[in-house]
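Each remark here refers to the structure printed beneath this line.
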Amino acid sequence: MKIDQVFKGIKRDELIKLTQELIRIPSVRRQDIGGEEKVAFFVARLLEEMGLDVVIEQVEPGSPNVIGILQGQGEGPCLMFECHTDVVTEGDRSEWKYDPFEGRLAGNRIYGRGACDTKGNLAAALKAVEAISRSGVPFKGRILLGILVDEEGLMRGVKHFIRNGWGNGVNAAIICEPVDNHLCITQKGAMRAELITTGKMSHGAMPLSGFNPIPPMTSILEKMKQLEMEEIERLGKDAFLGYPSITPTVLQAPMKGEPQLNVVPYQCRALLDIRTIPGQSHEALKKQLEDMVREEERSVCESLQSGPAKEIRESLEKGLSKGFSFQATFNIFEDRPWTKTSRDEPIVQAVSRAYQFITGEEPVYDGVPGATDGTFLTAWAGIPIVTLGAGKRMIPHQKDEWVSVDDLCLAAKIYAASALEFLARRA
Numbered sequence: 004m005k006i007d008q009v010f011k012g013i014k015r016d017e018l019i020k021l022t023q024e025l026i027r028i029p030s031v032r033r034q035d036i037g038g039e040e041k042v043a044f045f046v047a048r049l050l051e052e053m054g055l056d057v058v059i060e061q062v063e064p065g066s067p068n069v070i071g072i073l074q075g076q077g078e079g080p081c082l083m084f085e086c087h088t089d090v091v092t093e094g095d096r097s098e099w100k101y102d103p104f105e106g107r108l109a110g111n112r113i114y115g116r117g118a119c120d121t122k123g124n125l126a127a128a129l130k131a132v133e134a135i136s137r138s139g140v141p142f143k144g145r146i147l148l149g150i151l152v153d154e155e156g157l158m159r160g161v162k163h164f165i166r167n168g169w170g171n172g173v174n175a176a177i178i179c180e181p182v183d184n185h186l187c188i189t190q191k192g193a194m195r196a197e198l199i200t201t202g203k204m205s206h207g208a209m210p211l212s213g214f215n216p217i218p219p220m221t222s223i224l225e226k227m228k229q230l231e232m233e234e235i236e237r238l239g240k241d242a243f244l245g246y247p248s249i250t251p252t253v254l255q256a257p258m259k260g261e262p263q264l265n266v267v268p269y270q271c272r273a274l275l276d277i278r279t280i281p282g283q284s285h286e287a288l289k290k291q292l293e294d295m296v297r298e299e300e301r302s303v304c305e306s307l308q309s310g311p312a313k314e315i316r317e318s319l320e321k322g323l324s325k326g327f328s329f330q331a332t333f334n335i336f337e338d339r340p341w342t343k344t345s346r347d348e349p350i351v352q353a354v355s356r357a358y359q360f361i362t363g364e365e366p367v368y369d370g371v372p373g374a375t376d377g378t379f380l381t382a383w384a385g386i387p388i389v390t391l392g393a394g395k396r397m398i399p400h401q402k403d404e405w406v407s408v409d410d411l412c413l414a415a416k417i418y419a420a421s422a423l424e425f426l427a428r429r430a
């Protein structure tokens, strides 16, 4: 069979070696530099050696996207494999069993930062496309490898990719992320928000000479927690994604400088990680959250005009405090819609058939608990996506990150078979 010719080109030892080589090029996106340049150029050279058409585009200094295209024989659809080159911080290296950038092979596991998320799957995609190219098996259309930067941050790589027109003509995409080699057809949306309450700095022994921004902050967060519970009750539990959530992850008071027990801070800041599921409107949720903030702001300002708070207001209006006005600001600085792909989509059908052919079993349908670059491929470019890749989903972003070699080999075969299946059925 033709597919057997392709599978022969996916060699276990070569896949291990490539994964190790990728891990050994540190590509943590640091604050002062991009960090992905070395690994991106390494991948670009590999793609050129494979005979692909290669384009390198700088997204930011030190952060280039790499696009590789394998042309088929004649006109046809385009299938994209999306991977990212950046990895999260390794943290304290002394806490690791093996050095995070050694790429140690121990038994059936490869250890290292990015082994699971997602340099192992990048290696699997590269080897799958290389095997197709070298097998000589004909196909129509083209395979596009999008090796993108900053997936772990603000996803600048995929946004740049789409803005530059690369999504035009892409008929479907496989997002190569660690999801236990499950066939994921949905993923949570995400909104990232900043909430700031502004009061007046004062001595902790004389709080009436200032205004504490912390109590209004806690009041707003309590209201947001109640909204979370209402959304859970309204929507229930998604079969693949679980429950929606509104989670404060950072709380700072003061925002700048050192905190001190006997000082009432000037400002209090919270960062919120908001995760949504199909059925939630981001616009409606955003308005509810903003209304809560405005309601608290009005309530605090009104309370300063009468009753027990009058003394606070009079205190604030003296001297340098004249004209004081409590403020609360809320800003959503990143909005990533949830995605859901129908099981009837050709890409879902193609991956399902490929999985069944290789394993003899039905795929496990699932969802991605976080956002991926596929979020924007769908939301901005209208590209149907599925997410599939080797690696236990609970392993990424931890110390002693690892990926199973057996799972990587399976992922590479699924990628190759899915590509040929999709391109053949769509041609």
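Residue numbering for the sequence shown follows our numbering, starting at 4 and increasing by one per position.
All residues carry an ideal CB built from backbone N, CA and C; glycine is no exception.
Here the structure is a predicted model, which means the values were calculated and not measured.
Check: residue i C-beta below 7 Å from any heavy atom of the ligand ATP
i	result
L244	In terms of ligand content, the structure shown is empty, and the ligand ATP therefore cannot be addressed.
Local conformation of residue i per DSSP, three classes
i	result
A414	helix
L55	coil
G377	helix
S66	strand
M204	coil
E236	helix
L426	helix
R15	helix
L391	coil
D276	strand
I26	helix
E155	coil
S407	strand
A242	coil
C179	coil
G123	helix
T189	strand
E298	helix
Y358	helix
F327	coil
Residue i, buried or exposed, once every other Cβ within 10 Å from all chains shown has been counted against 16
i	result
G322	In this prediction, G322 has a pLDDT of 42, which is less than 50 and means its spatial position is unreliable; what the coordinates show is noted afterwards. Per the 10 Å Cβ criterion, exposed.
L264	exposed
G71	buried
H163	buried
Q308	exposed
S421	buried
M209	exposed
P64	exposed
Q23	buried
Y229	Note on residue identity: the sequence assigns Gln, not Tyr, to residue 229. Looking at its Cβ environment, which holds fewer than 16 other Cβ atoms inside 10 Å, Q229 is exposed.
T355	For clarity, residue 355 is Ser in the given sequence; the question names Thr instead. Result: buried.
T362	exposed
L157	exposed
Residue from the options whose Cα sits closest to the Cα of residue i
i	options	result
P219	M258, G202 and Q61	G202
P251	E155, E225, F243 and L151	E225
D102	G38, G123, P29 and P80	P29
L288	K14, R195 and V140	R195
E155	S136, G38, V266 and R356	G38
K343	W383, I26 and V389	V389
Q401	D89, G94 and R27	G94
V132	G110, L55 and G77	L55
L244	L157, E299, Q352 and G370	G370
A134	K5, W99 and N171	K5
E231	L292, I19 and E286	L292
K395	A414, R96, A273 and N215	A414
S345	E337, S306, P387 and E364	P387
F327	V303, E337, F336 and I335	V303
Chain-order list of residues whose beta-carbon lies under 7 Å from that of residue i (same chain, five-residue window excluded)
i	result
T92	V31
P349	A175, F425, R428 and R429
Q8	S138 and V140
E509	Because the chain spans 4 through 430 in this model, residue 509 falls outside it and cannot be assessed.
E98	K402
Expected contact under 8 Å - CB spacing of residue i and residue j to nearest Å
i	j	result
F10	G75	Rounded, the Cβ-Cβ distance is 19 Å, inconsistent with contact.
L238	Q270	No, L238 and Q270 are not in contact; Cβ-Cβ is about 34 Å, not under 8 Å.
K127	Y358	The sequence as given places Ala at residue 127; Lys does not occur at that position. The pair is not a contact, with the Cβ atoms about 14 Å apart (cut-off 8 Å).
D376	E85	5 Å
N124	A393	6 Å
E40	K130	So it is not a contact: roughly 23 Å between Cβ atoms.
I177	L391	6 Å
Neighbourhood of residue i by C-beta, 6 Å cutoff - its chain only, sequence neighbours within 5 removed
i	result
Q330	T201
G192	T279, R339, P340 and W341
P268	A256 and P257
V62	N68, V152, R159, G160 and H163
D241	I280
I59	A47, P67 and V69
D433	A question about residue 433 goes unanswered here, because the residues of the chain that appear run from 4 up to 430.
Beta-carbon contacts of residue i that lie in its chain and below 8 Å, excluding the five residues immediately before and after
i	result
E51	V57
E404	P103, Y114, G115, R116, G117, A118, C119, D120 and I398
V296	L198, I223, A331, T332 and F333
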